[in-house]
Amino acid sequence: MVGTKSIRETTKSWVEGTLRSLPIPCPRCSRKTKAEDHCQYCKAKWTKEEITLVNKQRKELEKATIGYMILKFLEEQEWPSTTEDTANAVGVTWHTAQIHLFKLQAEGKIKYRKVGRQNQWWLVRKYEKEFSKH
Ligand SMILES: [Zn+2]
Numbered sequence: 001m002v003g004t005k006s007i008r009e010t011t012k013s014w015v016e017g018t019l020r021s022l023p024i025p026c027p028r029c030s031r032k033t034k035a036e037d038h039c040q041y042c043k044a045k046w047t048k049e050e051i052t053l054v055n056k057q058r059k060e061l062e063k064a065t066i067g068y069m070i071l072k073f074l075e076e077q078e079w080p081s082t083t084e085d086t087a088n089a090v091g092v093t094w095h096t097a098q099i100h101l102f103k104l105q106a107e108g109k110i111k112y113r114k115v116g117r118q119n120q121w122w123l124v125r126k127y128e129k130e131f132s133k134h
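As numbered in this note's numbering, residues 1 to 134 make up the sequence shown, in order.
What follows is the structure in structure tokens.
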């Protein structure tokens, strides 16, 4: 279960800081920076439009990162995970996890089964392995 620990460790540090400062290319020199309103490389102080652009790119990257973390988490689990398990592991709210899980499902990467009132999520590969033997 080293994998489970590693994903928790990773997500912990990610949620506690890295998430808000993902490196984004500077609109002036294209070098990747974690700064929010300036570039430490070309020393540019960004305009309002450039800051908006950087924030937008950072948001896109955050979204992709959440999806990636969810896939990593499901990859490491032996059993399917509920939305709540996934939210806890990745460090996002239940609602956010739900949005990303359905997005990944729409992309054909994961599947779910309704068990009682819960959704249980599987990587497609694991789902097919589990349900093709019967
Ligand atoms: Zn720059």
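From the three backbone atoms N, C-alpha and C, an ideal C-beta is built for every residue, glycine too. Keep in mind it's a predicted model, so treat the numbers as computed, not measured.
Proximity to V54 across I70, E36, A44 and A64 peaks at E36, based on C-alpha coordinates.
Of the residues K114, E49, V92 and Q57, the one whose Cα lies closest to the Cα of F73 is V92. According to DSSP, S81 shares a beta bridge with W121. By the Cβ-count criterion, P23 is exposed, with fewer than 16 other Cβ atoms from all chains shown falling within 10 Å of its own Cβ. Of the candidates K59, R113 and W121, the residue whose Cα lies closest to the Cα of T86 is W121.
Counting along the chain, Y112 sits inside the beta strand (DSSP E) bounded by residues I110 to V115. Only exposed fits S30, as fewer than 16 other CB atoms lie within 10 angstroms of its CB.
Distances from the CB of R117 to the heavy atoms of ligand 1 are all 6 Å or more. Residue nearest to Y68 within the set E128, K114, I110 and S132 is I110 (criterion: CA-CA distance). The Cβ atoms of T83 and A64 do not sit closer than 7 Å to each other.
DSSP, reduced to helix, strand and coil, places K43 outside both helices and strands of the structure shown, so it counts as coil. Annotation: the continuous alpha helix (DSSP H) that includes G67 extends over K48 to E76. R28 has its Cβ nearer than 6 Å to a heavy atom of ligand 1.
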